[in-house]
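Trainee:
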Amino acid sequence: AWRWAAVRTPVELAAWESAWCQGEDAPDTATFAPALLQDPNIFILAAQRGGALVGGGILYRTATLYGAVVGISNTFACSDDDARACWLALADAAARFAPDCPLVGYEAGNELAWAMDACFTALGPLRVWARSPES
Numbered sequence: 471a472w473r474w475a476a477v478r479t480p481v482e483l484a485a486w487e488s489a490w491c492q493g494e495d496a497p498d499t500a501t502f503a504p505a506l507l508q509d510p511n512i513f514i515l516a517a518q519r520g521g522a523l524v525g526g527g528i529l530y531r532t533a534t535l536y537g538a539v540v541g542i543s544n545t546f547a548c549s550d551d552d553a554r555a556c557w558l559a560l561a562d563a564a565a566r567f568a569p570d571c572p573l574v575g576y577e578a579g580n581e582l583a584w585a586m587d588a589c590f591t592a593l594g595p596l597r598v599w600a601r602s603p604e605s
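Just so we're aligned, residue 471 is where the sequence shown starts under my numbering, counting upward by one.
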């Protein structure tokens with residue numbers, strides 16, 4: 471079973487980020503600043519099993535024109551065999567950390583299939599708008 475807990479300290483965040491990198495060379499500076507731990511709308515979550523960090527993800531609560539939603543991002547499992555289970559468990563954990571908020575995400579590939587397994591509805595492709603440096 472997955473036991474989810476919020477990452478609360480910079481030391482826990484560094485361990486979480488190291489696991490998130492999954493053996494890739496860590497950047498010279500942290501990707502996730504400790505200041506994120508102070509934001510009441512961001513939940514950086516670590517999954518443990520048998521006292522070991524086995525996965526994690528981030529929930530971000532934000533207001534929209536239609537009410538608050540919670541985005542799921544940066545989901546990872548330390549073992550490829552656990553990837554689907556981790557994603558589904560994080561979606562379930564979101565109800566505890568952000569009750570009464572619909573869940574949203576920008577999944578593709580396997581993660582989109584897992585989201586569909588968790589009763590998400592695909593709305594369509596993501597379109598990203600960017601301003602050119604010249605404008």
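Even for Gly, the Cβ is constructed at its ideal location relative to N, Cα and C.
Enumerated in chain order, which unbroken segments of the beta strand (DSSP E) with a length of 3 residues or greater are wholly contained in the segment 483-568?
Mentor: 512-519, 522-534, 537-547
Trainee: Under the three-state reduction of DSSP, which class applies to V477: helix, strand or coil?
Mentor: Sequence index remark: in the sequence shown, residue 477 carries index 7 (1-based). In the structure shown, V477 falls within a coil segment according to DSSP collapsed to helix, strand and coil.
Trainee: Write down the C-beta distance between D550 and G525 rounded to the nearest angstrom, noting that I regard them as a contact closer than 8 Å.
Mentor: On the sequence shown, residue 550 is found 80 positions in, with the first residue counted as 1. On the sequence shown, residue 525 is found 55 positions in, with the first residue counted as 1. Actually they are not in contact, since the Cβ atoms of D550 and G525 sit about 11 Å apart, beyond 8 Å.
Trainee: Terminal residues of the continuous alpha helix (DSSP H) containing D570?
Mentor: Against the sequence shown, residue 570 aligns to sequence position 100. Counting along the chain, D570 falls outside any alpha helix (DSSP H), and DSSP gives it neither H nor E.
Trainee: Ordered along the chain, which non-local residues of its own chain (more than five positions away) have a Cβ less than 6 Å from that of A547?
Mentor: Translated into the one-based positions of the sequence shown, residue 547 becomes position 77. These residues qualify, in order along the chain: G525, A553, C556.
Trainee: Can you tell me whether A578 is buried or exposed? The criterion is at least 16 other CB atoms within 10 Å of its CB, across all chains shown.
Mentor: By 1-based counting over the sequence shown, the position of residue 578 is 108. The residue is exposed, with fewer than 16 neighbouring Cβ atoms inside 10 Å.
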